[in-house]
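Below you'll find the structure, written out as structure tokens, and then a few comments.
Protein chains: 2
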Amino acid sequence: MRELDEYKVLVDQSLEEYFNGLGDGKLARAMAYSALLGGKRIRPVMALISAEMFGGSVEEAMPIAMAIEMIHTYSLIHDDLPAMDNDDLRRGKPTNHKVFGEAMAILAGDALLNEAHSLLIRSALKSGSRGAEAALVVSLAAGREGMVEGQVRDLENEGRAASFDELRGCHELKTGMLIAASLEAPAVLFGAGEDERKAMRDLGLKLGLAFQIKDDILDTTSTKEVLGKTPGKDETSGKTTYVSLFGLEKSEEMAKGLTGECLGILKGLDRDTAQLWEMCLALLQRNR
Amino acid sequence: MRELDEYKVLVDQSLEEYFNGLGDGKLARAMAYSALLGGKRIRPVMALISAEMFGGSVEEAMPIAMAIEMIHTYSLIHDDLPAMDNDDLRRGKPTNHKVFGEAMAILAGDALLNEAHSLLIRSALKSGSRGAEAALVVSLAAGREGMVEGQVRDLENEGRAASFDELRGCHELKTGMLIAASLEAPAVLFGAGEDERKAMRDLGLKLGLAFQIKDDILDTTSTKEVLGKTPGKDETSGKTTYVSLFGLEKSEEMAKGLTGECLGILKGLDRDTAQLWEMCLALLQRNR
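Heads up: the sequence lines are chains A and B, in that order. Take 1 as the starting number for the first sequence in the UniProt record's numbering and just add one per residue. Take 1 as the starting number for the second sequence in the UniProt record's numbering and just add one per residue.
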């Protein structure tokens, strides 16, 4: 069995190879800058683990894994823009628009979203209808009824008091759907049935929520050095968070409760789920 | 044989139906606003004409046609942003960010690019590997080696003197590639061979250039009322255009020369190319 770190190394290698292969034009450099800024690579690692769980290989699943990470990266570039969250720091480094300017950052984000889909379509070309179905899972999770809509709601929640349901709905869309797609798309690619697909989707949504709650907690308790971005932003921007709604202790409890539900889903699967469980725990116990 | 206007009506109807079906959430409204702002629908109409030319139907080709128009629309929304061209008017109406704010305009653009690809992937799911190949043609034309790169070069050309080759390279990428894809993708979907694919690609690139030269001419000679956007922007922004490089008369000649080359390509095809030729002429003779 692979160590969790091994997947991350494989993802990092593939992304480096890919983006270094794009040459050193300005657009390629702006895309590569954010794509290779590091990060936990949670989504692609989950995609690779899911692939192996459903009998596929890392090699076959890598294009989907990379596509998902590119979508995540583009969303961060656009989120950080002055018109959106206006962040100067991301993973301890200047944000894309701070380095390349606002216009380039918009275009680098556009190009990454586009590139991700080109990869997904290539995967569909190679793997036939299962590949196309997997591609569709990712594309739908990223778009109008997924991540982008979550971002819209997130903007609307700024400076006003959101309810718990509004907050959860926003996070399911903004974070949960793409994590769910990371688990479901490889399952689809390697022939999982509808029950297993649904289990992976549910697992991803719960994990996404737990992840977001943990994010809110870290925004309150962590430091800029550990986090690699400015903490306390939620409070200064007047954003409703789990911590502002429920306090630290209750938020920790909620995250743990969700992790328990994740374990329940994994136990219900007739697959080797040890690595995915390890991954769930790693996400909850992280400090950045 | 259909009239050219008939294709445009079909495209408009399909887009209206599609976007009205997305509900009235804020994101859907922002997407629909720009997608339904009118416009000449050149790319989707060319896609439908190409589809019929290669033995396909309007119905089968419509998802690709709509996807291409959505990609065009997203690019206009992002182009108009304050950080890019900073335009207040588009097709005689306030630009997306003027109506919905800058953050929403960024997200509406993202969602349209994403939606276009979801449509392309659905088309690949339905039509097998030919559908996936057609989808890839569109996706590649829109991205890092196509339209987005053209946009990057366009930004770089602002306020400096570009050479003819730089200008042409920029326009081939920014305008030509997506027009070429409008012609090539349906050809691929309906089984055109490599020679015919190449002919459609070449035709699209030449047509795109002729179109851009005409755009530059109209920016000099037309009025805001006819154009639906502010004319004279190229000159005030210090952008190199065909008109600034060669003057009006020579630019007109170049556009006509390119149109002649387009006719040559069409004559070399063993297909009924009458409608496509009509379309080429309509593009060159337009006054807005």
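In this text, a Cβ means the ideal position worked out from N, Cα and C, and glycines have one as well. A quick note: this is a predicted structure, and the numbers were derived from the prediction, not measured.
Only residues of its own chain outside the window of five on either side were considered, and among them 53 have a CB closer than 6 Å to the CB of residue 271 of chain A, listed in chain order. Looking from the CA of residue 166 of chain A, the closest CA among A:151, A:282, A:197 and A:76 belongs to A:151.
Between the alpha carbons of residue 198 of chain A and residue 95 of chain A lies a distance of about 36 Å.
Two segments are said to touch when three or more pairs of C-beta atoms, one from each, lie closer than 8 Å; by this definition the segment 177 to 186 of chain A touches the segment 137 to 149 of chain A.
For residue 37 of chain B, not one C-beta of chain A is nearer than 7 Å to its own C-beta. Taking the CA atoms as reference points, residue 212 of chain A sits about 23 Å from residue 11 of chain A. Taking residue 153 of chain A as the centre and dropping the five residues before and after it, the same chain places the C-beta of 166, 169, 170, 173 and 174 closer than 8 Å to its C-beta, in chain order. Within chain A, 78, 113 and 148 have C-beta atoms less than 7 Å from the C-beta of residue 110 of chain B, given in sequence order. A Cβ-Cβ distance of about 5 Å is found for the pair residue 255 of chain A and residue 214 of chain A, placing them in contact under the 8 Å criterion. Looking at the DSSP output, residue 94 of chain B sits in a beta bridge with B:89. The distance from the Cβ of residue 31 of chain B to that of residue 83 of chain B is about 20 Å, inconsistent with a contact at the 8 Å cut-off. Short of 7 Å from the beta carbon of residue 202 of chain B, and not among the five residues preceding or following it, lie these beta carbons of its own chain, in chain order: 265. Three or more beta-carbon pairs drawn from the segment 67 to 80 of chain A and the segment 32 to 50 of chain A are found closer than 8 Å, and the two stretches are therefore classed as touching. Taking C-beta atoms as the reference points, residue 27 of chain A and residue 149 of chain B count as a pair closer than 7 Å. Close CB contacts of residue 157 of chain A within its chain, under the 8 Å cut and outside five residues either way in sequence, are with 166, 167, 170, 239 and 240 (chain order). Taking a beta-carbon distance threshold of 7 Å, residue 132 of chain A counts as an interface residue toward chain B. With respect to chain B, the C-beta atom of residue 62 of chain A has no partner C-beta closer than 7 Å.
The CB of residue 70 of chain A never comes closer than 9 Å to any CB in chain B; the least such distance is about 11 Å.
Assigned with DSSP and collapsed to three states, residue 114 of chain B falls in helix. Identification of chain B residues near residue 84 of chain A by a Cβ-Cβ cut-off of 9 Å yields 102, 103, 106 and 107, ordered along the chain.
Separation of the CB atoms of residue 51 of chain B and residue 57 of chain B is rounded to 7 Å, and the pair is thereby assigned contact status at 8 Å. Between residue 271 of chain A and chain B, the shortest Cβ-Cβ separation is not below 7 Å. The CB of residue 26 of chain B comes closer than 7 Å to the CB of 152 in chain A, given here in chain order.
Look at residue 143 of chain B: its C-beta is under 7 Å from a C-beta on chain A. Not a single C-beta of chain B is nearer than 7 Å to the C-beta of residue 67 of chain A. Between residue 186 of chain B and residue 123 of chain B, the C-beta spacing is not below 7 Å.
Inter-residue distance for residue 92 of chain B and residue 219 of chain B is about 14 Å (C-alpha atoms, whole angstroms). Along the segment 160 to 231 of chain A, the alpha helix (DSSP H) occurs as fully enclosed runs of 4 or more residues at 164 to 171, 177 to 189, 194 to 221 and 224 to 227, listed in sequence order. The beta carbon of residue 135 of chain A sits closer than 7 Å to some beta carbon of chain B. Straight across, the Cα-Cα distance linking residue 249 of chain B with residue 288 of chain B is about 18 Å.
Just so you know, the alpha carbons of residue 42 of chain A and residue 181 of chain A end up roughly 12 Å apart. By the rule that beta-carbons nearer than 7 Å mark a contact, residue 124 of chain A touches chain B.
Contact with chain B is found for residue 121 of chain A, since one of that chain's Cβ atoms lies less than 7 Å from the residue's Cβ. Counting along the chain, residue 43 of chain A sits inside the alpha helix (DSSP H) bounded by residues 42 to 53.
Annotation: Cβ neighbours of residue 81 of chain B in chain A (cutoff 7 Å, chain order): 106. Secondary structure note for residue 14 of chain B: its alpha helix (DSSP H) is the uninterrupted segment 4 to 20.
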